Amino acid sequence: MIDKVGGKIFPFGSYHLGVHSKDADINALCVGPGFLERKAFFTSFFKKLKAQKEVKDIQANEEAYVPVIKLSWEGIEIGLVLALVTQSSVADDLDLLNDSIVKDMDERCVRSLDGRYIYSNKMGFLGGVSWAIMVARICQVYPNAAASTLVIKFFSIWVWPVPIRLKVVENCYYNLPFWNPGVNVSDCYHLMPVISPAYPQQNTSANVSLSTFAIINKEIRRGHAICQEIEQKKANWRKLFEEMDFFDKYQHYVMLEAPYSTEKQRTEWVCLVESKIGLLVASLERNVVSLVHVHLRSFPRPRRANKEDGKSTVWLVGLAFNPEGFQIWINLNTIFQTFANTINSLAKRSNLYEKGKFFTAAYMQKEELVCTLSHPTCQLRGKRDHSSANPRCQPRN
């Protein structure tokens, strides 16, 4: 029986497509027979992986929409998701594109199986699959266009919230979530739907918020303007790939900081904070903040001079205020403190918390946004006083 059980690993994403960069991660789907228990993937299998000397920074997120194990194998970032098919064995010729394979399958397994299509950035931006579907749609609409024309068209064709589809997906009625705004009221509120091309179809950009929608659209419009300059020979293609200076983009910022003593703690803090940062974004958007822009990368902060508080990880969030926010004193302390309390409470529950070392959220203005971060892209100027963790916010023009 053991010899016949089988099992398959399917890479997906940029690595599977052969378009990955040198430092890209590898995402893989692990497919097993239905008599296995999902729990074993995140317990006994997780322990086996952790015991490998090549494995570093391993973490299991069983509660995620698409449950995943993330790890670094000899410096290569790897993400593993699990799907258990309703069969006693997994054949070598298993066809994952056959819609009937998901019949009677556990919904969490279907999410993992469809994870090739539905994973998206937890910070609210588009994931790689969403971008890939958009590029594929451009190629469908302009099948004979040159590469340069496709790039130019990419920045001018979208009419949100009209959904982007590569094909019509028939509903097999296997009692699985199926994106359909005509039936599901919640689907009507999706801002920029990019629909997966396989059953059960899902919106791959469901995490997009009002803020990230505004940021993405602004960048698309900027890309369109640059393409027009290129067509008029007023600029070259290099301009289209210039990086945005996040640290000079906003007048107001929030700095989130998590202390750690070991590498294991750092990894666990990153997993915890980034899984909950959407709560902070939603809370800020409901108030006088008109736009919340989370920097997609955290920064290690080394031990500061004359301090005994060890190292910490920092996240930066750019803020833009509604017009009325500039007319009054705004105390965002309650929002920041509530979010910090939530994170610290979860940290205590998971035995991550160390006595006297709290997660903090603090407001600062651009001129104060200076810290000794080791990340090479963080070129900050000036000085900042860290004596107050939650200062009052007073927006100014």
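Position 132 of the sequence shown, counted from 1, bears residue number 132 in this note's numbering, the numbering being contiguous throughout.
Idealized CB from N, CA, C, for every residue including glycine.
All values derive from a computational prediction rather than experimental measurement.
Reduced DSSP category for residue i - H, G, I as helix; E, B as strand; rest coil
i: isoleucine 152; result: helix
i: tyrosine 15; result: helix
i: histidine 20; result: coil
i: cysteine 419; result: This structure leaves residue 419 out entirely; the chain is present only between 1 and 397.
i: tryptophan 406; result: Since the first and last residues shown for the chain are 1 and 397, residue 406 lies out of range.
i: leucine 256; result: strand
i: lysine 122; result: coil
i: serine 89; result: coil
i: threonine 372; result: With a pLDDT of only 42 at threonine 372, under 50, the local geometry of the prediction cannot be trusted, and the value read off the model is given with reservation. Coil, per DSSP.
i: isoleucine 157; result: coil
i: lysine 103; result: coil
i: phenylalanine 358; result: coil
i: phenylalanine 178; result: coil
i: methionine 244; result: coil
i: lysine 8; result: strand
i: glutamine 142; result: First, the residue type needs correcting, since residue 142 is tyrosine and not glutamine in the sequence shown. Reduced to three states, the DSSP call for tyrosine 142 is coil.
i: asparagine 184; result: coil
i: methionine 134; result: helix
i: asparagine 203; result: strand
i: valine 162; result: coil
i: tyrosine 250; result: coil
i: valine 169; result: coil
i: valine 110; result: helix
Supposed contact pair residue j and residue i - C-beta distance, whole angstroms, cut 8 Å
i: alanine 31; j: valine 90; result: Reading off the sequence, residue 31 comes out as valine, not alanine. Contact flag correct, Cβ pair sits at about 6 Å.
i: isoleucine 157; j: valine 141; result: 7 Å
i: valine 194; j: isoleucine 133; result: 5 Å
i: leucine 256; j: valine 270; result: Not quite, the Cβ-Cβ distance comes to about 11 Å (not below 8 Å), so this is no contact.
i: valine 208; j: glycine 127; result: Rounded, the Cβ-Cβ distance is 10 Å, inconsistent with contact.
i: leucine 113; j: alanine 28; result: Wrong, their Cβ atoms sit about 12 Å apart, outside the cutoff.
i: glutamate 247; j: leucine 369; result: In the sequence under discussion, the amino acid at residue 247 is phenylalanine, which differs from the glutamate named in the question. Sure, about 6 Å apart at Cβ, within 8 Å.
i: alanine 235; j: glutamate 242; result: Contact flag wrong, Cβ pair sits at about 10 Å.
Rounded C-alpha distance that separates residue i from residue j
i: alanine 83; j: aspartate 106; result: 9 Å
i: glutamate 63; j: valine 85; result: 20 Å
i: phenylalanine 45; j: proline 181; result: 39 Å
i: serine 148; j: arginine 137; result: 15 Å
i: leucine 373; j: aspartate 23; result: With a pLDDT of 48 at leucine 373, under the threshold of 50, the predicted position of this residue should be treated as unreliable, though the coordinate-derived value follows. Distance between the alpha carbons of leucine 373 and aspartate 23 is about 22 Å.
i: aspartate 3; j: leucine 36; result: 15 Å
i: methionine 288; j: glutamine 59; result: Reading the sequence as shown, one finds valine at residue 288 and not methionine. Each residue's Cα considered, the two are about 36 Å apart.
i: leucine 96; j: phenylalanine 10; result: 10 Å
i: leucine 316; j: valine 129; result: 25 Å
i: glycine 318; j: lysine 366; result: 9 Å
i: histidine 224; j: phenylalanine 155; result: 5 Å
i: asparagine 203; j: valine 162; result: 12 Å
i: glycine 75; j: lysine 56; result: 8 Å
i: glutamate 77; j: glycine 13; result: 13 Å
i: tryptophan 237; j: valine 66; result: 37 Å
i: isoleucine 69; j: arginine 38; result: 12 Å
i: serine 298; j: alanine 206; result: 23 Å
i: phenylalanine 41; j: asparagine 61; result: 11 Å
i: tryptophan 73; j: serine 350; result: 25 Å
i: histidine 20; j: aspartate 104; result: 34 Å
i: glutamate 268; j: isoleucine 26; result: 20 Å
i: alanine 258; j: arginine 266; result: 8 Å
i: asparagine 341; j: threonine 334; result: 10 Å
i: cysteine 139; j: aspartate 187; result: 26 Å
i: cysteine 172; j: arginine 108; result: 18 Å
i: serine 345; j: lysine 239; result: 45 Å
i: isoleucine 220; j: glutamate 231; result: 16 Å
i: tyrosine 119; j: asparagine 98; result: Since pLDDT at tyrosine 119 reaches only 47, below the 50 mark, its modelled position is unreliable, and the value read off the structure follows with that caveat. Roughly 20 Å separates the two Cα atoms.
i: tyrosine 15; j: tryptophan 131; result: 15 Å
i: leucine 176; j: histidine 190; result: 19 Å
i: glycine 356; j: leucine 332; result: 24 Å
i: valine 183; j: serine 196; result: 18 Å
i: methionine 244; j: arginine 222; result: 11 Å
i: lysine 53; j: threonine 43; result: 18 Å
Residue i vs residue j beta-carbon contact at 8 Å
i: glutamine 201; j: valine 159; result: no
i: threonine 313; j: tyrosine 260; result: yes
i: tyrosine 353; j: phenylalanine 336; result: no
i: leucine 210; j: glutamate 263; result: no
i: isoleucine 215; j: histidine 293; result: yes
i: isoleucine 226; j: lysine 276; result: no
i: phenylalanine 339; j: leucine 279; result: yes
i: valine 135; j: tyrosine 199; result: no
i: leucine 94; j: lysine 8; result: yes
i: phenylalanine 178; j: methionine 192; result: no
i: asparagine 322; j: serine 290; result: yes
i: proline 33; j: serine 88; result: yes
i: alanine 145; j: lysine 153; result: yes
i: leucine 49; j: leucine 17; result: no
Closer than 7 Å: residue i CB and nearest the ligand MG heavy atom
i: tyrosine 189; result: Of the ligands one can find in the structure shown there are none, so the ligand MG has no counterpart to examine.
Which whole runs of the alpha helix (DSSP H) in the stretch 267-354 are 4 residues long or more, in chain order?
333-349
Residue ranges of each alpha helix (DSSP H) within the stretch 23-84, 4 or longer:
38-42 and 44-50
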